[in-house]
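What follows is a short report on a single structure.
Number of protein chains: 2
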Amino acid sequence: MKKIIDRWSRLYAHRIELLKSSATRDLMGAASRPDMISFAGGLPSPETFDTELIKRILFELMENSGKEALQYGPTEGRYELREKICNLMSRIGLKAHPDNIIITSGAQQALDIIGKLFLEPGAAAILETPSYPGALNAFQIYEPHILTVPLKEDGMDIEQLRKILSRKSIPPRFIYTIPNFHNPAGVTLSLDKRKELAKLASENEILIIEDNAYGDLSFEGEQIPPLKSINEDVVYLGTLSKILSPGIRIGWVFASVALIQKINAAKQGADLCTSTLSQMLAEQFLDAIDLDAHLKKIREIYRIRRDTMIKALEEFFPEESSWTKPLGGFYLWVVINADINTTDMMPEALNEKVIYVPGEGFYLNNEGKNAMRLSFCNPTPEQIYEGIERLAEVVKEQIHLSRTIIGINKKPRRSERSSTE
Amino acid sequence: MKKIIDRWSRLYAHRIELLKSSATRDLMGAASRPDMISFAGGLPSPETFDTELIKRILFELMENSGKEALQYGPTEGRYELREKICNLMSRIGLKAHPDNIIITSGAQQALDIIGKLFLEPGAAAILETPSYPGALNAFQIYEPHILTVPLKEDGMDIEQLRKILSRKSIPPRFIYTIPNFHNPAGVTLSLDKRKELAKLASENEILIIEDNAYGDLSFEGEQIPPLKSINEDVVYLGTLSKILSPGIRIGWVFASVALIQKINAAKQGADLCTSTLSQMLAEQFLDAIDLDAHLKKIREIYRIRRDTMIKALEEFFPEESSWTKPLGGFYLWVVINADINTTDMMPEALNEKVIYVPGEGFYLNNEGKNAMRLSFCNPTPEQIYEGIERLAEVVKEQIHLSRTIIGINKKPRRSERSSTE
Numbered sequence: 003m004k005k006i007i008d009r010w011s012r013l014y015a016h017r018i019e020l021l022k023s024s025a026t027r028d029l030m031g032a033a034s035r036p037d038m039i040s041f042a043g044g045l046p047s048p049e050t051f052d053t054e055l056i057k058r059i060l061f062e063l064m065e066n067s068g069k070e071a072l073q074y075g076p077t078e079g080r081y082e083l084r085e086k087i088c089n090l091m092s093r094i095g096l097k098a099h100p101d102n103i104i105i106t107s108g109a110q111q112a113l114d115i116i117g118k119l120f121l122e123p124g125a126a127a128i129l130e131t132p133s134y135p136g137a138l139n140a141f142q143i144y145e146p147h148i149l150t151v152p153l154k155e156d157g158m159d160i161e162q163l164r165k166i167l168s169r170k171s172i173p174p175r176f177i178y179t180i181p182n183f184h185n186p187a188g189v190t191l192s193l194d195k196r197k198e199l200a201k202l203a204s205e206n207e208i209l210i211i212e213d214n215a216y217g218d219l220s221f222e223g224e225q226i227p228p229l230k231s232i233n234e235d236v237v238y239l240g241t242l243s244k245i246l247s248p249g250i251r252i253g254w255v256f257a258s259v260a261l262i263q264k265i266n267a268a269k270q271g272a273d274l275c276t277s278t279l280s281q282m283l284a285e286q287f288l289d290a291i292d293l294d295a296h297l298k299k300i301r302e303i304y305r306i307r308r309d310t311m312i313k314a315l316e317e318f319f320p321e322e323s324s325w326t327k328p329l330g331g332f333y334l335w336v337v338i339n340a341d342i343n344t345t346d347m348m349p350e351a352l353n354e355k356v357i358y359v360p361g362e363g364f365y366l367n368n369e370g371k372n373a374m375r376l377s378f379c380n381p382t383p384e385q386i387y388e389g390i391e392r393l394a395e396v397v398k399e400q401i402h403l404s405r406t407i408i409g410i411n412k413k414p415r416r417s418e419r420s421s422t423e
Numbered sequence: 003m004k005k006i007i008d009r010w011s012r013l014y015a016h017r018i019e020l021l022k023s024s025a026t027r028d029l030m031g032a033a034s035r036p037d038m039i040s041f042a043g044g045l046p047s048p049e050t051f052d053t054e055l056i057k058r059i060l061f062e063l064m065e066n067s068g069k070e071a072l073q074y075g076p077t078e079g080r081y082e083l084r085e086k087i088c089n090l091m092s093r094i095g096l097k098a099h100p101d102n103i104i105i106t107s108g109a110q111q112a113l114d115i116i117g118k119l120f121l122e123p124g125a126a127a128i129l130e131t132p133s134y135p136g137a138l139n140a141f142q143i144y145e146p147h148i149l150t151v152p153l154k155e156d157g158m159d160i161e162q163l164r165k166i167l168s169r170k171s172i173p174p175r176f177i178y179t180i181p182n183f184h185n186p187a188g189v190t191l192s193l194d195k196r197k198e199l200a201k202l203a204s205e206n207e208i209l210i211i212e213d214n215a216y217g218d219l220s221f222e223g224e225q226i227p228p229l230k231s232i233n234e235d236v237v238y239l240g241t242l243s244k245i246l247s248p249g250i251r252i253g254w255v256f257a258s259v260a261l262i263q264k265i266n267a268a269k270q271g272a273d274l275c276t277s278t279l280s281q282m283l284a285e286q287f288l289d290a291i292d293l294d295a296h297l298k299k300i301r302e303i304y305r306i307r308r309d310t311m312i313k314a315l316e317e318f319f320p321e322e323s324s325w326t327k328p329l330g331g332f333y334l335w336v337v338i339n340a341d342i343n344t345t346d347m348m349p350e351a352l353n354e355k356v357i358y359v360p361g362e363g364f365y366l367n368n369e370g371k372n373a374m375r376l377s378f379c380n381p382t383p384e385q386i387y388e389g390i391e392r393l394a395e396v397v398k399e400q401i402h403l404s405r406t407i408i409g410i411n412k413k414p415r416r417s418e419r420s421s422t423e
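Protein chains in written order, with this note's numbering: chain A, 3 to 423; chain B, 3 to 423.
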């Protein structure tokens, strides 16, 4: 977004300096240009939306319960939906009562409210790095100290976490993790590490926030039990964005009744309630759908796309590159072992009509400049193959330029150009 | 809600002490019991929901643009909807470009984000008193100093406001006002006072937040121009909750591009985007509806209810009572000139199967104990008549008890009983 003079800037709260616009969200405009192949956003494949079923449900809803669907609902969400969410979670070994559930306007709202309830100047939160920018945004605005634990192939580096916890210079309030098919890293936390993490949190009396946005989208192998099934104090976040629709904004929190009540009070101030129409649609959808068949279908769509992307990366990407091999979800993380900057490279990629998310937006310090997140969820396999070929050319050119003597053949970086333009 | 022990309370942010559950929201459970007549919530009359039209729109949406309606959308809201909101506002003399608009998840979300952007410890905001509890909740959590200006029959007491502004001990960031058919007071800010308020804000270089949630619901007389049409720096909040449906959660902010961009960045962290399905439904609704006829119909529904309530109050309520005579909207404010406490009176009213919102929830100090907000929007005229008769008996009994010698005939108040129960 272009810089606009703001006459009222002296009226803003200090925290406004921490307000960052997410690169992923800002790229949505570019992503929708014709011929653009986008590996940027985390938009589910429209093929996974069951529009026929949803059309029927909406028609019947308006026919039979229209007045109810258009009215305000309770802040905590409709009891019927919370019951069905309990049933849904029982499939992964979680036993919940509807009183332990609050419906949120997407899981993103849960992150915002958790930030509001737990974070303030002088408080700390522990995050994985790289981490989901939506969580960074939601948490940072409350001015906490953010401590980071690097990710490995099998998830969080537990030894690093142990070190951070033993320091305790600033008391951490929680550890935020995406254990399954990490956004952006594509890695999954192993069972052994889940047990260690759960134990560490108990010993140190801090909460775990388990964001399981992608848990339903496993492509192969056994599903690993959620942290919440190992440590009952875990605050569990779920969403219907990946299995029903992101456009209806339905997420939830599964936590203690005490915390649910606090989230409820905060949600009253945040948006009064989540769309009743969306909630009733979700209820009817969960009732009507053959969930096993539906999940099998959407997992297969995404599995083929992941396979296509990995095959194309192997075929086209230069030898300086490496990438994660996600067992599910939407994302794959690519690191280029060369002196390139994926943010500065973006204009060249846009020229070639392909976009991705530069790595540095997933970090709080200056890391990630030679990395990028590639989403395989939205483009078709054909587009994935074509897009990776295009992107590989851009990357190779950047590597080539980075090795050419500065000042003669090297193109100036955008940041260096800006002062003279 | 009952008190629950929270093992994790030491992890919460300091601001959690400011988190109040709204009496109105908490009464929603009681309001839905059979035979209960509720003057509590601000639920629009279901008669105003055009379910036939909405059924047709939803069917066609899923038929023609289902994949789009179920997908994520831009954080600022769909361009098409923002255009239609501009058209809608042009009816009341406001000229906006879609770039000046951001769609929010109800106007409540706008209040939360405004709190987040402007308020912090050491900052002040000026509110009317009594004021909308949803605004109090949204603002207080950010720990500002809240300064209050009493309401008169023609809106804010401008002389009091002038005094507060001349003090300037803590710099106020904004003045929050509901100029039309105030919630809860039912009063409307006169045109002269609007001009004075707009001028005062300019002179003191502070913002006005104009919450026009009820502006479309005028029952009689000329509509007074919005503050935003007098002072272009005003931040204007609108909603479709009162003319289309509150259950789909569509509100908006009309402000400078600079502020819209900041709200956009904050909304990314708050919920990514507002329901695309809701937005597309709103677009099609605004396209299809004969707005003049529709507004005429719903204003007439609410006008009859207001008239019924005032007639019933005149007939049944004791002489110690007085009330406002709203020219539109949902609410009427009753003050009982006697030593009664409307919070303590609530169990007696529940016994008589009638509820209201006790006055003190609309104040930050200890005022409003002898007042209550009565909503005439949701019950039918028959229920209003019957409910006011029931409530009058409860009030008369309380006045009687308040005048009986303490310790002999006076029923103990709930707060006095609680220690022995």
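C-beta atoms are modelled at their ideal positions from N, C-alpha and C, and glycine is treated no differently. Keep in mind that this is a model prediction, so the values were computed, not measured.
Under DSSP, A/Ser-377 takes part in a beta bridge, and its partners are A/Tyr-333. B/Ser-24 reaches chain A at Gln-270, counting residues in chain order whose Cβ is nearer than 7 Å. Under the 8 Å criterion on CB atoms, B/Asp-341 is classed as non-interfacial with respect to chain A. Of the candidates A/His-147, A/Gln-111, A/Ile-105, A/Lys-97, the residue whose Cα lies closest to the Cα of A/Leu-121 is A/His-147.
Under the Cβ distance rule, B/Tyr-14 counts among the residues neighbouring chain A, one pair being separated by less than 8 Å. For B/Ile-210, the pairing in a beta bridge is given by DSSP as B/Ile-177. Not one beta carbon of chain B lies nearer than 8 Å to the beta carbon of A/Gln-286. Short of 8 Å from the beta carbon of B/Asn-368, and not among the five residues preceding or following it, lie these beta carbons of its own chain, in chain order: Glu-362. In this structure, A/Ile-143 and A/Leu-239 do not form a Cβ contact; the two beta carbons are roughly 18 Å apart against a cut-off of 8 Å. With three or more CB-CB distances shorter than 8 Å, the region 203-212 of chain A counts as touching the region 228-246 of chain A.
Using a Cβ-Cβ cut-off of 7 Å, B/Ser-277 is close to Gly-249, Ile-250, Arg-251, Ser-277, Ser-280 of chain A, given in chain order.
B/Phe-378 is outside the set of residues whose beta carbon lies under 8 Å from a beta carbon in chain A.
Looking at the backbone, the Cα of B/Leu-329 and that of B/Leu-246 are separated by about 21 Å. Against chain A, the beta carbon of B/Thr-53 has neighbours under 8 Å at Met-64, Gly-68, Lys-69, Leu-72, listed in chain order.
Contact annotation for B/Leu-193 against chain A: no contact, minimum CB-CB distance about 26 Å [criterion: below 8 Å].
For the region 293-325 of chain A, the set of positions with a beta-carbon nearer than 7 Å to some beta-carbon of chain B is empty.
Neighbours of A/Ser-107 across chain B, judged by C-beta separation under 7 Å: Ser-107, Asp-273. A residue is called buried when at least 16 other Cβ atoms come within 10 angstroms of its Cβ; A/Ser-34 does not meet this threshold and is exposed. For B/Pro-132, the nearest beta carbon of chain A is not closer than 8 Å to its own beta carbon. Buried is the label assigned to A/Asn-185, since at least 16 other Cβ atoms lie within 10 Å of its Cβ.
Proximity of B/Glu-122 to chain A, defined by a Cβ-Cβ separation below 8 Å, is satisfied. The straight-line gap separating the alpha-carbon atoms of B/Gly-389 and B/Val-356 is approximately 6 Å. When DSSP reads this structure, A/His-147 sits in a beta bridge with A/Ala-126. Around B/Lys-118, the beta-carbon contacts reaching into chain A at under 7 Å are Ile-143. Looking at the DSSP output, A/Ser-171 shares a beta bridge with no other residue.
Just measuring C-alpha positions, the residue of A/Tyr-387, A/Ala-268, A/Glu-302 sitting nearest A/Thr-50 is A/Glu-302. Bounds of the beta strand (DSSP E) holding A/Ser-324 are 323-325. The continuous alpha helix (DSSP H) containing B/Val-259 extends over residues 259-273. Take the alpha-carbon of A/Ala-268 and the one of B/Ser-171: they are about 30 Å apart.
B/Arg-93 and B/Glu-285 do not touch by the CB rule: their CB atoms are close to 17 Å apart, not below 8 Å.
With a contact defined as Cβ atoms closer than 8 Å, A/Leu-376 and A/Leu-138 miss out at about 19 Å. Take A/Leu-288, set aside five residues on each side of it, and the residues of its chain with a beta-carbon closer than 7 Å to its own are Lys-86, Leu-90, in chain order. Interface criterion not met: the Cβ of B/Gln-385 is under 8 Å from no Cβ in chain A.
B/Leu-29 is outside the set of residues whose beta carbon lies under 8 Å from a beta carbon in chain A.
Distance from A/Tyr-358 to A/Phe-141 at the Cβ level is roughly 24 Å; contact not present, criterion being Cβ atoms closer than 8 Å.
Against chain A, the beta carbon of B/Arg-175 has neighbours under 7 Å at Leu-13, listed in chain order.
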